[in-house]
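Going by the numbering used here, the sequence shown wraps up at 499, each residue one higher than the last.
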Amino acid sequence: MTQQPPNMNLSVDEALERILQRVPVLEPVSVPLSQAFGLILAEEVRSPADLPGWDNSAVDGFAVRSEDFATGEALLEVVGEAYAGRIPDLSVASGQALRITTGAPMPAGADAAVMVEDTCLEGGRVRARGRVSAGQNVRRAGEALREGQRVLLPGRVLDPAALGMAATVGRSTLRCHPRPQVAVLSTGDELVEPGLPLRPGQIHDSNSYTLEGLVRLAGGEPVRFGLLEDRLEVLKQALRRSAEETDLVLTSAGVSMGERDLVRAALEALGGELDLWKVRMRPGKPLAFGSLGGVPMIGLPGNPVSSMIGFEVFVRPALRKMAGHPAESRRVLRARLAEAVDKPQALRVFARCRLAESADGSWRLHLTGPQGSGILMSMLEAQALAILPEGVARMEAGDEVEVRLLDHLEGWRLQVRP
Ligand code: AMP
Ligand code: MG
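Next comes the structure, spelled out in structure tokens:
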């Protein structure tokens with residue numbers, strides 16, 4: 082018989098705090114720039130030099146001396162060319178101009194550039210009209226960056242601009258927290274791979290697909306361990322192997338009260354530690370957290386919505402901590418319920434909602450249909466989770482609640498509803 086863990090029926094906040102205390106931040110490693118996208122930087126990056134390293138032209142045109150334009154027009158002798166990529170050996174004397182391309186170092190003698198569009202060639206000479214001031218169309222040495230200037234700080238997400246900046250200052254590798262490898266195990270005798278026919282009583286495994294997607298969105302790398310029967314030996318072997326090969330083990334199902342709910346028993350039989358079990362929330366109550374050989378393990382409930390909400394509330398923050406994120410990123414706002422909701426008084430309820438803007442600019446929350454923990458349609462439509470607090474048994478239409486935006490999904494969500 083499985084032992085009861087010391088921490089049963091914790092509140093969401095207590096459980097999250099325990100989990101976050103116990104998952105490690107992964108040790109930084111050196112990562113090639115081309116593989117660092119989305120990782121979290123673990124060092125400070127400075128510019129080794131002024132940038133640009135020399136005054137250069139911001140336009141394609143002619144390098145000139147502004148004093149030659151005192152009358153508002155000049156006809157200048159074209160004495161040569163300056164290209165990006167090398168320092169010109171020619172200089173510009175009074176009455177002369179040098180053809181120049183964008184990014185080419187300014188030649189000695191010239192203090193401005195005129196755009197080719199504002200000029201016309203007359204034989205070997207160029208005519209330009211208009212006022213030209215000193216420095217016009219010239220990018221100054223050091224105007225973008227100064228030698229020694231800090232450009233990236235630890236904790237920075239390596240987004241496109243950050244990668245570009247690292248490359249700009251010449252870095253080919255960066256010290257980053259590695260992407261957490263996350264084992265995804267679906268347990269349950271009733272499960273069948275999608276694509277295969279179902280016998281009576283069987284269902285297709287959907288949790289491994291939702292969880293693998295959520296792992297990716299949270300910055301982890303899912304490692305698929307497939308479908309596992311509800312047999313102690315099978316579960317023990319898969320748990321042992323997944324804890325050896327990954328940074329975090331995620332299981333779905335087999336953690337509630339049923340006779341075939343053997344995930345906790347398998348963990349303990351392997352000498353692992355079960356730290357907490359069951360959280361005062363809905364959906365997602367039968368959640369387990371523990372560790373095996375120092376590798377954290379989170380046992381999510383089997384119901385498809387429960388496993389997704391358990392991921393959102395506990396796994397996502399844990400993964401972000403492991404990946405080196407300094408802070409939670411979810412946007413939270415307050416909004417009014419468009420309809421009344423009954424709830425168990427002792428539990429915190431995460432209601433799946435759509436947001437609609439009212440005429441006065443405030444937000445109203447509409448439940449995404451039936452909220453049963455097996456009804457995945459409620460997640461498919463959800464833009465946000467309304468957080469219905471412990472201590473109340475009913476929320477009325479018009480009540481204001483805290484809302485957590487699931488806006489990481491927006492880029493993926495189709496506008497078309499089935
Ligand atoms: P359990 O936690 O094992 O009692 O499972 C709770 C419910 O979730 C049952 O109705 C299971 O059939 C269902 N379930 C378990 N695993 C999955 C899965 N991988 N995909 C879809 N549904 C599942
Ligand atoms: Mg089961």
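C-beta atoms are modelled at their ideal positions from N, C-alpha and C, and glycine is treated no differently. Computed from a prediction, not measured in an experiment: that's the story for all the values here.
Item	Value
Same chain only: Cβ atoms within 6 Å of residue 189, ignoring 5 sequence neighbours per side	172
Neighbourhood of residue 200 by C-beta distance below 7 Å, restricted to the same chain and skipping five residues each side	142, 143, 207, 208 and 209
Any non-hydrogen atom of ligand 1 within 7 Å of residue 284 CB	yes
From 99, 92 and 84, residue whose alpha carbon lies closest to that of residue 370	99
Alpha-carbon spacing of residue 321 relative to residue 479, whole angstroms	50 Å
Check: residue 272 C-beta below 7 Å from any heavy atom of ligand 1	yes
C-beta atoms of residue 266 and residue 319 nearer than 8 Å	yes
Close Cβ partners of residue 317 (< 8 Å) along its chain, the five nearest in sequence each way excluded	347, 350 and 351
Chain-order list of residues whose beta-carbon lies under 6 Å from that of residue 169 (same chain, five-residue window excluded)	163 and 188
Uninterrupted alpha helix (DSSP H) stretches inside the segment 337–389 (no shorter than 4 residues)	344–350
Simplified DSSP state of residue 99, which is helix, strand or coil	helix
The segment 226–235 / the segment 122–141 touching (three or more Cβ pairs under 8 Å)	yes
In chain order, each alpha helix (DSSP H) run of at least 4 residues that lies wholly inside the segment 396–460	397–403
For residue 193, the nearest candidate out of 462, 146, 407 and 118 (CA to CA)	146
For residue 396 and residue 345, the rounded distance between their alpha carbons	18 Å
CA-to-CA distance, residue 214 to residue 160, given in whole angstroms	21 Å
Bridge-paired residues (DSSP) for residue 154	210
Rounded distance between the beta-carbons of residue 411 and residue 485, thought under 8 Å	5 Å
Simplified DSSP assignment, three categories, for residue 499	Confidence at residue 499 is low in this model, with a pLDDT of 43, below 50, so its placement is unreliable and no value can be given for it.
Any 3 or more C-beta pairs closer than 8 Å across the segment 327–334 and the segment 427–446	no
Span of the alpha helix (DSSP H) around residue 241	241–249
According to DSSP, residues forming a beta bridge with residue 284	272
Neighbourhood of residue 286 by C-beta, 8 Å cutoff - its chain only, sequence neighbours within 5 removed	267, 269, 272, 273, 274, 275 and 308
Residue 319 Cβ short of 7 Å to ligand 2 heavy atom set	no
Continuous alpha helix (DSSP H) stretch holding residue 323: start and end	313–326
At least three beta-carbon pairs within less than 8 Å, the segment 131–141 to the segment 234–247	no
Cβ-based burial, residue 110 [other Cβ within 10 Å; buried from 16]	exposed
Same chain only: Cβ atoms within 8 Å of residue 243, ignoring 5 sequence neighbours per side	122, 233 and 237
Proximity test, residue 137 beta-carbon vs ligand 1 heavy atom, cut-off 7 Å	no
Within 8 Å, strictly: CB atoms of residue 448 and residue 416	no
Secondary structure of residue 111, DSSP reduced to three states	strand
Counted within 10 angstroms of its Cβ, other Cβ atoms place residue 384 as buried (16 or more) or exposed	buried
Sub-8 Å separation of residue 114 and residue 247 beta-carbons	yes
Given residue 88 as reference, the closest of 368, 373, 400 and 253 once Cα atoms are compared	368
Residue from 258, 218 and 204 whose Cα sits closest to the Cα of residue 158	204
Per-residue burial, residue 181 [other beta carbons within 10 Å of its own, 16 or more giving buried]	buried
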